[in-house]
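Have a look at the structure below, then the notes.
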Amino acid sequence: MDCPRCGVRMDFQAETEIMSDKLKKIRYLYKCPACGVKTSDLELRLTRDGGVTISVYSF
Ligand SMILES: [Zn+2]
């Protein structure tokens, strides 16, 4: 995937965000190494409540 702003090939990466003891977000996205533009691709939300529930959001 190429950057929409400058056309450089973007890096695929995952970011983890811990919201609380029970909720963790993992976001998979493309980031341009040249200009820093990010495009959100997919977000997983892990909810721990007895077991673990995984919700998937795509953009
Ligand atoms: Zn760029």
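Numbering (this note's numbering) for the sequence shown: 40 to 98.
Each residue gets a CB set at the ideal place from its N, CA and C atoms; glycine is no exception.
Source: prediction; values computed, not measured.
- In this structure, R44 has its CB closer than 7 Å to one or more heavy atoms of ligand 1.
- Residue state for V91 is assigned as strand, using DSSP reduced to three classes.
- Its chain contains M49, C71 and V76 as the residues whose beta carbon lies nearer than 6 Å to that of C42, once the 5 sequence neighbours on both sides are disregarded; these appear in chain order.
- Nearest in C-alpha terms to C45, of all of A73, G90 and S94, is A73.
- Rounded to the nearest angstrom, the Cβ distance from L85 to I93 is 6 Å, consistent with a contact under 8 Å.
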